[in-house]
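2 protein chains.
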Amino acid sequence: MARKTRRIVLAAPAAGLPTRATFRMEEAALAPLGDGAALVRTICCSVDPGVRARLSDGASYAPPLKPGEMIDAFCVGEVIESANPRFAAGDLVALGGGWAEHVVFPGRGYIQKIPHRRLPLSVWIGALGVPGMTAWFGLKRVAALEAGARVLVTSAAGPVGATAGQIAKAMGAARVVGVASGAEKADWLRSAGFDAVVDYRRTDDLGAALAAASDGGYDVLFDNVGNAMIDAALPLMRIGGRIVVSGQVADYNTPAAERPGLRNTAYFIAQRLRMEGLVVFDDLRSFPQAQEELSAMIEAGAVKTREVRYHGLEAAPQAFIDLFTDQSAFGRRIVEIGAEP
Amino acid sequence: MARKTRRIVLAAPAAGLPTRATFRMEEAALAPLGDGAALVRTICCSVDPGVRARLSDGASYAPPLKPGEMIDAFCVGEVIESANPRFAAGDLVALGGGWAEHVVFPGRGYIQKIPHRRLPLSVWIGALGVPGMTAWFGLKRVAALEAGARVLVTSAAGPVGATAGQIAKAMGAARVVGVASGAEKADWLRSAGFDAVVDYRRTDDLGAALAAASDGGYDVLFDNVGNAMIDAALPLMRIGGRIVVSGQVADYNTPAAERPGLRNTAYFIAQRLRMEGLVVFDDLRSFPQAQEELSAMIEAGAVKTREVRYHGLEAAPQAFIDLFTDQSAFGRRIVEIGAEP
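And the structure:
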């Protein structure tokens, strides 16, 4: 008897901003468990801006989804059946799954046991999951962050940016400036240790605002936004500055030819800048050590986390659309799907 | 009695392409020699596209020149008077000087003794000078070139590009493709070991031409041209690809706001690309070792050099303008100023 699950799939490729019609709920048979596979009951899942690139053709670290394919997400769940010696029924795991009540881990790909329950389970798809690991390895490996660095973080109230800014302070950065819109985000970011917050919606000269918030420029730009933000920051980068290309949320919905271009590239030579993109799964083997250190920072209150919660699988498409359109709430958007054991 | 020299200075800042009116010849008093200084009689000097950025306001590794200031150049010359214990009259040196019959080394800045005369002296401001060192450290340090790499070099018939492509082959690159225009350059580059040459003037789809010339994409782009070239190559970069921003000859004459923009930046994440700018003087202490190795390659015929010669100081402005406008000749442009001892 084939088991079934409710899941959400791509209905039609998105042109521009995704809408509810981009997605479709269906009941589908679950694949039988091959060797190494595990069946996981989803407790909660994420919505991720990087998934936008898979909803239409274009460059991404993964190929575009076809209509009828499940939307990617990170999930926390409980193993309910296992054909993998590393996992047993009852184990709590975080994995690359999708918007579904049950997901099958196929034997390879991102999965890890959750090593302790001292923090809310959803943190394992947030600050201790891919967003937090992106912040960690973006700063540690790509930016090679040094003590005393002056750091600019864009989309600073998002789960990657908020974690990056706080980690940077914890790693000894001299000054951390965030870019975010609205007084509520700015207040929260200051309470989380950011030294200054630039509201890109309240300036008509972003470069001047970024300069005014800086203390003589920036050694590291941790960018989650895209070309317009990088181009505004390039003239402010100090000699040897590093630009971490972590995400491009402002550009995912725009075809390449229509995106704002980087024009201030003369500073790459003048200031010996280095810009580098990041796919955090390249660092997968180093997750446990990073998670142990970051977990301690969260428990000690040095890194704060913040969530926006949605209830039920059917809420996932709106949670995803809200990533690009909703300024009224901020934090890691978590879709609650099943009960915690 | 103050000694005098003929020299060429900035007459008026250039807007767009420099013209003869950008420059002015004058006779000027030479500064008296302070401690550490040396007076050098110029034998030959270079014209350098990077100097374009100093002829008007904008980002460069050096501030803009003011009217009346001498135009920068690299010079080979003979020390004729020295207040520096490292140099004696009769020494042959390469140094950062200018378009002048005599230049004063002020005690700090780029200068080095020419260690042997087994190669033409002008090579010390060419393949063994700043262009060649830019190629060397761009590949070795910035690109961290590995054996088997597939390398794309733009402005491949210029002194940096031609040296870079040949060094890459000598360092074990599997395939080196050059971008240059015209059959004469292509023939010469093939004779110098380039595996393929793309003529950017004979295609209306540069990206497709670069793809066709590649063997499954490129690990390293060594770019001397600017944004349009990098943007065309970005979709062809392999995972972990490196882009060396060595020069921007197509963009120096254009204000930043009017330059073509980099739009294909999604590939930075998708392919984990790294782009980094280079000012070769950061590597000054490593010049002697690199020059020894590269000198041996040139003497062995593994790296070929090519020059276009101009006669007399007054020819320097035209030689400089030719960098941007003359497609009829190619190679390191050398202005002969004084006799070799």
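Protein chains in written order, with this note's numbering: chain A, 1 to 341; chain B, 1001 to 1341. Beta carbons are placed, not taken as given, at the ideal position from N, Cα and C, and that holds for glycine. The structure displayed is predicted, hence computed values, not measured ones.
query: Rounded straight-line distance, which links the Cα of I125(A) to that of A366(A); result: In this structure chain A extends from 1 to 341, so residue 366(A) is not present and cannot be described.
query: Rounded C-alpha distance that separates K1169(B) from R1006(B); result: 42 Å
query: Environment of H116(A) [buried if 16+ CB atoms lie within 10 Å]; result: exposed
query: L92(A) beta carbon less than 8 Å from that of I114(A); result: yes
query: Straight-line gap, V1009(B) to C1045(B) (C-alpha atoms, nearest Å); result: 15 Å
query: Positions along the stretch 1201-1231 of chain B whose CB lies within less than 9 Å of some CB in chain A; result: G1226, N1227, I1230, D1231
query: A1300(B) in three-state terms, based on DSSP; result: coil
query: The stretch 260-282 of chain A: positions lying closer than 8 Å to chain B by Cβ; result: P260, G261, L262, R263, N264, T265, A266, Y267, F268, I269, A270, Q271, R272, L273, R274, M275, E276, G277, L278, V279, D282
query: Beta carbon of A1266(B) nearer than 8 Å to that of A250(A); result: no
query: Classification of K66(A) by the beta-carbon crowding that lies within 10 angstroms, buried from 16 upward; result: exposed
query: DSSP three-state assignment for G207(A), whether helix, strand or coil; result: helix
query: Selection from E1258(B), A1156(B), G1217(B) that minimises the alpha carbon distance to R1306(B); result: A1156(B)
query: Rounded Cβ spacing between M1275(B) and I1243(B) (contact assumed at less than 8 Å); result: 4 Å
query: Host alpha helix (DSSP H) of G97(A) (start-end); result: First-last for G97(A): 92-98, but that is the beta strand (DSSP E), not the alpha helix (DSSP H).
query: Coil, strand or helix - F23(A) by DSSP; result: strand
query: Continuous alpha helix (DSSP H) stretch holding V153(A): start and end; result: First-last for V153(A): 150-153, but that is the beta strand (DSSP E), not the alpha helix (DSSP H).
query: Cβ-Cβ distance between M70(A) and E314(A) below 8 Å; result: no
query: Distance CB(G331(A))-CB(R41(A)) smaller than 8 Å; result: no
query: Chain B residues whose Cβ lies nearer than 7 Å to that of Q291(A); result: Residues of chain B passing the Cβ test: none, with the nearest at roughly 22 Å.
query: Short-range partners of chain A found in the stretch 1310-1335 of chain B, where Cβ spacing is below 9 Å; result: none
query: Nearest-angstrom Cα separation, counted from P120(A) out to A346(A); result: Residue 346(A) is absent from the structure shown; chain A starts at 1 and stops at 341.
query: Three-state secondary structure assigned by DSSP to K140(A); result: helix
query: Residue burial classification, G1312(B) (beta-carbon count within 10 angstroms, cutoff 16); result: exposed
query: Under 8 Å between C-beta atoms of G1241(B) and L1273(B); result: yes
query: Inter-residue Cα distance where the pair is G161(A) and P1049(B); result: 40 Å
query: Under the three-state DSSP convention, the category R201(A) falls into; result: helix
query: CA nearest to the CA of P159(A), picked from F222(A), A28(A), I239(A); result: F222(A)
query: CB contact below 8 Å: V1153(B) versus chain A; result: no
query: Neighbour-count burial assignment, L17(A), 16 or more Cβ in a 10 Å radius; result: exposed
query: Contact belief for I43(A) with E340(A) at Cβ below 8 Å, rounded distance in angstroms; result: 6 Å
query: Within chain B, partners of A257(A) - CB distance below 7 Å; result: R1263
query: Under 9 Å by beta carbon: chain B residues contacting A112(A); result: Reading the sequence as shown, one finds Gln at residue 112(A) and not Ala. Those do not exist, as Q112(A) stays about 22 Å from chain B at its closest Cβ, beyond 9 Å.
query: Contact under 8 Å by Cβ, A1196(B) with T1203(B); result: no
query: Cβ-based burial, T163(A) [other Cβ within 10 Å; buried from 16]; result: buried
query: Neighbour list for V380(A) in chain B, Cβ cutoff strictly below 8 Å; result: The question about residue 380(A) has no answer here: the residues shown for chain A are numbered 1 through 341.
query: When V280(A), Q289(A), R285(A), S328(A) are compared against P131(A), the one with the closest alpha-carbon; result: V280(A)
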